[in-house]
Structure formats: C-alpha cells, structure tokens
Amino acid sequence: MSLPWRNNLLSSKQKIVQVHYWKKMMKETHEVVGKLHGVVLLIHNSVEFSDIIDFLNKIRDDEQLLVVYLSLINSYSRIREVLKENPLKSKQLFVVDCVSGFVVELKDIHDCVYRKPPINLDELKELLLKNIASQNPDIVVVDSMSQLINFSVPTEDELSKFYLFLHSLKENILGLSEDSIILLYDDKIGQLQNLPTISVDLILKLEVIRDAPRWRG
Amino acid sequence: MLETLKETNSSVNYWKEIEKNLSDELKNLRGIVLLIHNSMEFTDIIDFLQHVRQGQFLNVLYISLVRSYDYIKKALELKPLDQKRMMFIDCVSGYAFPIEENLDEAFYHKPPQNLDEMKDIIRFGIEKTNADMIIIDSLSQFISFTQPTEDGIVELYEFLRTLKEGTMNVMQNTVLLLYDSKLGVMQNLPKTSMDLILRIEIGKK
C-alpha cells in the first residue's frame, strides 16, 4: 500500500549528494588563518583582489614570507594597482601572470613572470612546480581553481583528476607541512555539490557582503 | 537599553568546513546556537541531532512553527532519534486545535506573532518538560537576515538576551535556533549574541 507521507518524507526523487557543515569563525579566525599551513581550499563569493590581500595579511603576520601568486584572473598591472591602495604586510609577492601573457608578449621582471594560462590541471601543476622551484616560496596562491574545475556539477573524471593534482602537489612540494598552498575557488557558478574534503587540509569560505546594513548592539 | 546604529559597510564572514571534526564540534554543544540551513527536511535535522551531545541522554523541547507534530512523529517513526527524548510544542496545528490538548509528548499552541510571545512559549515548555535542549524551528518566521529591519534586530537581541539571562538561564543547556537561508543572501548575522553559528548545506540532485 502506498503511504503518501512516507514518500513525501523521503523525497525519493531527490538524492542527497553531499552535506557540508560550516562553522562561522569568530574568535578563532586569528588562530586558524594566522597559522595556516598545508593545502587550503578557499571558497569565496566573487570577492575582490583587495579582499584576498586582507586574507593574506592575516596569515602568519609575524613572519616575512614570500608568496607566489599564480593569477588566472587578475593581471600583474591590476594587482600592482590594488596593492598600492591595500599593501601586503610582511609579505613579498611574486606574480605568475597568466592573464596578460595571453594577449601580448611581455618581458618577465623581478617580481612577475608572464605565462600562457594552463588549459588543464597537468599544465597548472607544471607551472606551479617550475615557479616553486625558482622562487622557493612560503605560500603559493592559485587564483582561481574555478577556471579549471566546477564543483557544482563535477564529473567523476574531473574529480579524480583534481584529487590526483592535489596528491601530486603534496608529493612534489617539499616542506609543505611548513608551507601553504591556497587554492581559491569562486562559487558564483552555483551551489557546491562536491568538496574535496579528504584531499585538502582545510576548507574555508570567505563571504564578503558589500553595502550591508550593519547594526551595533 | 539596546542601542542600534545603522551604517553602510561591508560585512566579512569566515566559515570553516568541519565535516571531519563534526562529532567533536557537537559533542559538547552548549549555549545559543544559530543553525543556518538551505531548506533541509526534518529527516536531515534528525541526522544533525544524532551528532549533538552524543552519548548523553537529553530531554529535547522542539518548538515547531513550520511542521506539524503529526508530520514530525511520522518522520521519527521512519528515522528514530537515539538517546533523546523529544517533546514538542506544535504551533502549526495550533490553528486547528485552539484549545491546548495535553498529549504524552506534544502540546499544541497558536503560532506566536512575535519573539515576545515566543519567550512565553519557551517558558511554558521549560516548565512542562525540564528540557536540556530547546530547538526553535524556525527563526526565519520572525526575522530575515537578508533585509532585517532595525526593530526586528532590536527585538532579536532582546530575545537572545532574555534567553541568556533571567529565569531561562539556558547557558547550561543548548538552544538551537534554526534559520532557513532560502530568503536570500544574509547581509548581517547576529554574531555578538550567538555562542556559535553553524551552517548546513545539503546538496541534492
């Protein structure tokens, strides 16, 4: 016999793909971000580059660190412009600009190299490894993984390649336990169905809401 | 008295994914907890509650403004909740049962019109059940964090303050305030008045 309420309760037509639990960081933000190490996936809601600088400024702010910033979104000139208004404290930035390199051939300079954008994770890995080898950074930022993978509707093949990519990063980059690789991901594409919870050390979400009405109690 | 000041600014929220440590995070859950979700089903709420203060036997008072006791009872038959004695104040069927009827584990009540009336319902529930945990489903019935009014925020802070102080003194216990985020982007969360803010995103296809 059919039980309508039972069907309703089970919502059998919809299958749960994944459940994500998030904790709003309050006092522990300093603790968690301040001591950031390992492979970190930083999901954000289309934040601006200045917000990313704010985030980077919170990381290990008592150390002088070298950051390799592999950019698939912002050009070196744009990054420099924003840095004038929002300086990066206690960190030196080395940019791998994969935006301008696509348009016109530019000469590498002391704090930037121009490269063509990687078209898949293998190429991204190669590009990362080359620049890590030449710069020996403390922090590596990839902005952004959303250019290469979509966690809203990933295929099994895409996920498996992504896991391999993460695994390979961990294996090939010596001293990772002391260093950080921050993979930015813009979630504007849609709700995230699959998060690589096993293969990364930490998943954070940064939400910046502009022009929000604020109340002080 | 609570003073509010409205100004235009940006709000920054950092969230940490806690699936790996979920049991640790929830095993000693105390205080006022805001649980934001994306329209989850009651069976998903049961899954979440299984993790809360695991290993302890708890009296749970569930004040429902969105689901009837009848519906909840059937869901619990399908998916039982371990080590928790659930008692309900059904403010949905209250329309159909204007006179309160005292059942074994459920009371009927008219839906509260505001948070002041909700306080009275909580007091009533605490007296009747001596609950270790109170769940209000859902805060979205009273306030929208998408476009909150100043009055709404003042009322919410006052409500939270009353929960922490006075006769309710919930700090030894757990108060879970459910909030459905389907209303839109949450512009401002009541960070200062909550002991913890959690968010559950259930991906379905």
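So the protein sequences, as listed, match chains Z and W. Under numbering that gives the first Met the number 0, residues 0 to 216 are what the first sequence spells out, in order. Under numbering that gives the first Met the number 0, residues 0 to 204 are what the second sequence spells out, in order. Note that the Cβ used here is the ideal one computed from N, Cα and C, for glycine as well.
Check	Outcome
Residue from Z:Leu69, Z:Val207, Z:Leu191, Z:Ser89 whose Cα sits closest to the Cα of Gln63 (chain Z)	Z:Ser89
Cβ of Ile44 (chain W) within 8 Å of any chain Z Cβ	no
Residues of the stretch 13–33 of chain Z with Cβ closer than 9 Å to any Cβ of chain W, in chain order	Gln13, Lys14, Ile15, Val16, Gln17, Val18, His19, Tyr20, Trp21, Lys22, Lys23, Met24, Met25, Glu27, Thr28, Val31, Val32
Contact set between Lys204 (chain Z) and chain W, taken where Cβ atoms lie within less than 9 Å	Asn12, Tyr13, Trp14, Lys15, Glu16, Arg198
DSSP state of Leu188 (chain W) mapped onto helix, strand, coil	coil
Chain Z residues whose Cβ lies nearer than 9 Å to that of Leu21 (chain W)	Tyr20
Inter-residue Cα distance where the pair is Thr191 (chain W) and Leu155 (chain W)	12 Å
Distance between Glu40 (chain W) and Leu2 (chain Z) (C-alpha atoms, nearest Å)	At Leu2 (chain Z), the pLDDT of 43 sits below 50, so the modelled position is not reliable and the matter cannot be decided from this model.
Distance, Ile199 (chain W) Cα to Tyr107 (chain W) Cα	29 Å
Leu201 (chain Z) versus Phe123 (chain W) - alpha carbon distance	43 Å
Where Ile181 (chain Z) sits in the DSSP three-state scheme	strand
Beta carbon of Ile17 (chain W) nearer than 8 Å to that of Ile62 (chain W)	no
Pair within 8 Å by beta-carbon distance, Ala130 (chain W) and Asn58 (chain W)	yes
Whole-number beta carbon distance between Leu197 (chain W) and Gln140 (chain W), since they are thought to touch under 8 Å	19 Å between Cβ atoms; not a contact.
Per-residue contacts from Thr154 (chain Z) into chain W (C-beta, under 9 Å)	Neighbours of Thr154 (chain Z) on chain W: none; closest Cβ ~13 Å, over 9 Å.
Val31 (chain Z), enclosing alpha helix (DSSP H) - first and last residue	28–33
Reduced DSSP secondary structure (H/G/I, E/B, other) of Gly124 (chain W)	helix
Reference Gly189 (chain Z), options W:Gly202, W:Pro189, W:Gln186, W:Met185, closest by Cα	W:Gly202
Local Cβ density within 10 Å of Asp50 (chain Z), reported as buried at 16 or more and exposed below that	buried
Contacts of Ile201 (chain W) in chain Z (Cβ-Cβ under 9 Å)	Ile15, Val16, Gln17, Val18, His19
Within chain W, partners of Leu191 (chain Z) - CB distance below 9 Å	Glu200, Gly202
Closest residue to Val112 (chain Z) among Z:Ile180, Z:Ile131, Z:Asp121 (Cα-Cα distance)	Z:Ile131
Distance between Leu105 (chain Z) and Lys124 (chain Z) (C-alpha atoms, nearest Å)	22 Å
Buried versus exposed call for Asp178 (chain Z) [16 or more other C-beta atoms within 10 Å across all chains shown]	buried
Exposure label - Phe161 (chain Z); buried when at least 16 CB within 10 Å	buried
8 Å Cβ cutoff, Lys212 (chain W) in contact with chain Z	Lying outside 0 to 204, the shown extent of chain W, residue 212 (chain W) is not represented and no answer is given.
Nearest to Gly183 (chain W) (by Cα), restricted to the options W:Thr145, W:Glu116, W:Lys118, W:Leu177	W:Thr145
Stretch-stretch touch, CB-based, cutoff 8 Å, three pairs: the stretch 129–149 of chain Z with the stretch 61–75 of chain Z	yes
Under the three-state DSSP convention, the category Ser137 (chain W) falls into	coil
Spatial neighbours of Val11 (chain W) in its chain, beta-carbon cut-off 7 Å, leaving aside the 5 residues before and after	none
Where Lys190 (chain W) meets chain Z, residues with beta-carbon distance less than 8 Å	Lys23, Met25
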